[in-house]
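Final position of the sequence shown in this note's numbering is 115; the numbers increase by one with none missing.
Ideal Cβ positions, reconstructed from N, Cα and C, are used throughout, including at glycine.
All of these numbers come straight from a predicted model, not from anything done at the bench.
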Amino acid sequence: MSMFEVEKQRLARRKGDIIRILQEDYRSPMTSVGSLLGALDMLGESVDPRSLQFDLIYLAQQSYIEIWQVRDLPGYRRDRINIGAPDEIRFAKLKPKGLQLLDGNAAEDPQVKF
């Protein structure tokens, strides 16, 4: 297996881990990105926050999760300092389609592995 294939599999597994973590927190209204980073770290997957943003965007584009960016949060104003970039993802939540993928009741996605 090439290094490219190994990396591709690692990234697919990380997306699967994100869905599993969000599934554990399914009853709450949303999960913070900080909590996701901590949970991934406990699984032995040290993730750069910018890299996690790409994973969350992919999962949201596939309708597996819902994301909230800084600009979506109540009280967001561009003139405030230290609140983060407007497009920075702060929260995520598993959607029914993501739960179906995890449970094997949706078509397999080669970019998400469990």
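Evaluate contact between the region 26 to 33 and the region 6 to 13, counting only Cβ atoms and requiring at least three cross-stretch pairs below 8 angstroms.
no
For the region 41 to 72, which segments carrying the beta strand (DSSP E) assignment without a break, of at least 3 residues, lie completely within its bounds, in sequence order?
66 to 70
How would you write the range of the alpha helix (DSSP H) that Lys94 sits in, first residue to last?
Reading the sequence shown from its first residue, position 93 is the one you call residue 94. That residue, Lys94, is in no alpha helix (DSSP H); its beta strand (DSSP E) goes 90 to 95.
So with Cβ pairs under 8 angstroms, would you call Leu60 a contact of chain B?
Absence of chain B from the displayed structure is noted, only one protein chain being present.
Please list, in chain order, all residues of the same chain as Lys16 whose beta carbon is under 8 angstroms from its beta carbon, the five residues on each side excluded.
To locate residue 16, count along the sequence shown from 1; it is residue 15. Correct list, in chain order: Asp56, Tyr59, Leu60, Gln112, Val113, Lys114.
Which residues does DSSP list as the beta-bridge partners of Ser33?
Here residue 33 is taken as the residue at index 32 of the sequence shown, counted from 1. Residue pairing of Ser33 in beta bridges, as defined by DSSP: Phe92.
Three-pair Cβ contact test at 8 angstroms for the region 87 to 101 versus the region 63 to 72
yes
For Leu74, I'd like the list of residues in its chain whose CB is within less than 6 angstroms of its CB, leaving aside the five on either flank, ordered along the chain.
Within the sequence shown, the letter at position 73 stands for residue 74. Correct list: empty, nothing qualifies.
With distances taken between CB atoms, is the gap from Gln54 to Leu103 smaller than 8 angstroms?
Position 53 of the sequence shown holds residue 54. Position 102 of the sequence shown holds residue 103. Contact: no.
Quick check on Gln112: does DSSP put it in helix, strand or coil?
Mapped onto the sequence shown, residue 112 falls at position 111. Three-state result, Gln112: coil.
How far does the alpha helix (DSSP H) with Leu12 in it reach, from first residue to last?
Sequence index remark: in the sequence shown, residue 12 carries index 11 (1-based). Start and end: 4 to 25.
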